[in-house]
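*Asks:* Before we start, here is the structure in question, set down as structure tokens.
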Amino acid sequence: MEILILSDPEAVARRCADIVEAQMKTMPNSVLGLATGSSPIGLYEELIRRHSEYGLSFKDVTTFNLDEYIGIPADHSQSYRTFMNETFFKKVDIDPARTFVPDGMADNPLNVGPAYEEKIQAEGGIDLQVLGIGSDGHIGFNEPTSSLRSRTRVKTLTKQTLVDNSRFFAPDEFQPKLAITMGIATILEARRILLIATGEGKAEAVRDTVEGPLSAFVPASALQLHERATVVIDEAAASQLKLKDYYQFVGDLQDDLVKKHRPSDWISR
Ligand code: GLP
């Protein structure tokens with residue numbers, strides 16, 4: 000795993016945007032896997048800024064979102080479809096018809112997963128998957144003990160996740176307890192993975208993901224199996240890492256190497 004520790008959430012957002020921009024420059028018709036939650040908001044804002052500032056274009060991009068609540072319509076204020084439309088899609092030149100989010104209102108939610116998997120395959124697979132992380136180590140809505148070989152399917156949310164996400168719902172509002180999420184195997188098939196975490200509240204989950212044993216109990220630890228997973232975190236989220244100094248040392252050395260050779264995906268930061 001590549002661990003990039005940056006000073007603050009703004010620096011994390013810029014670095015993640017560099018990685019996404021480099022991917023799109025190499026492959027303008029990239030298939031991006033996208034995430035909701037507060038963690039990727041800075042990345043989306045930075046991409047929107049680059050879109051308006053110098054025309055970074057998303058017109059040939061296809062996107063697949065990780066997950067969606069079951070039981071609230073796509074146009075509900077708290078649906079992940081609404082989150083993506085409002086936070087990102089409406090603010091760039093992406094073709095709305097090429098943005099996919101699992102259907103949380105399907106007559107039979109059990110059929111949604113296999114169809115979503117087929118669609119991802121039909122589009123050639125995900126080139127770059129963006130992830131946040133739950134405080135319990137979940138990715139997408141793959142809660143602790145999710146099978147490491149899981150595919151897109153229905154999941155029941157943990158009490159912890161329901162409490163974490165209750166801030167988005169009014170006290171008397173229906174808060175879904177079920178969701179459809181890409182599985183861990185689905186996520187691991189992405190050619191490149193970018194996990195974003197900021198703040199002290201994520202420090203334990205980050206430590207268990209990067210330095211803990213590979214375990215279904217910490218779903219994000221499955222990224223240890225991926226060839227090209229980059230974890231981009233701020234100082235606060237890195238605060239519990241035992242080998243923090245080492246990751247910084249590696250980063251500094253790589254920076255020197257990268258600056259010297261400037262491969263096509265190098266962008267100044
Ligand atoms: C939700 C989403 C995850 C996200 C997590 C963390 O549970 N399904 O994809 O990573 O929240 O959210 P936040 O980034 O707001 O902490």
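Residues 0 to 268 in numbering that gives the first Met the number 0 are what the sequence shown spells out, letter by letter.
Ideal placement from N, C-alpha and C gives every residue a C-beta, glycine not left out.
On a predicted model such as this, the values are computed, not experimentally measured, just so you know.
1) When you compare the CB positions of Arg227 and Arg191, do they come within less than 8 Å of one another, or not?
2) Is Ser273 near ligand 1 - that is, is its Cβ less than 7 Å away from at least one heavy atom of it?
3) Look at the alpha carbon of Ala178 and the alpha carbon of Ala204, and state the distance between them as a whole number of angstroms.
4) Are the CB atoms of Ala34 and Leu65 nearer to each other than 8 Å?
5) The alpha helix (DSSP H) that contains Gly250, what's its start and end?
6) On the CB-based measure, 16 or more other CB atoms within 10 Å of its CB, does Thr25 come out buried or exposed?
7) Take Pro8 as the anchor and find which of Ala114, Asp106, Ala236 and Asp59 has the nearest alpha-carbon.
8) Starting from Leu5, trace the beta strand (DSSP E) both ways and give me its first and last residue.
9) Buried or exposed: Thr155, going by 16 or more other Cβ atoms within 10 Å of its Cβ?
10) At a cut-off of 7 Å, would you count Ala221 as near ligand 1, judging by its Cβ distance to the nearest heavy atom?
11) List the endpoints of the continuous beta strand (DSSP E) containing Ile232.
*Replies:* Once the coordinates are examined:
1) Closer than 8 Å, so yes.
2) Past the edges of the chain, shown from 0 to 268, lies residue 273, and the structure says nothing about it.
3) Taking C-alpha positions only, Ala178 is separated from Ala204 by approximately 21 Å.
4) Contact: yes.
5) Lys243 to His260 is the span of the alpha helix (DSSP H), which, as asked, contains Gly250.
6) Exposed, because fewer than 16 other Cβ atoms sit within 10 Å of the Cβ of Thr25.
7) Nearest of Ala114, Asp106, Ala236 and Asp59 to Pro8, Cα basis: Ala236.
8) Segment Glu1 to Leu5, the beta strand (DSSP E) holding Leu5.
9) Thr155 should be labelled exposed.
10) Short note on Ala221: C-beta not closer than 7 Å to any heavy atom of ligand 1.
11) Note, Ile232: beta strand (DSSP E), Ala228 to Asp233.
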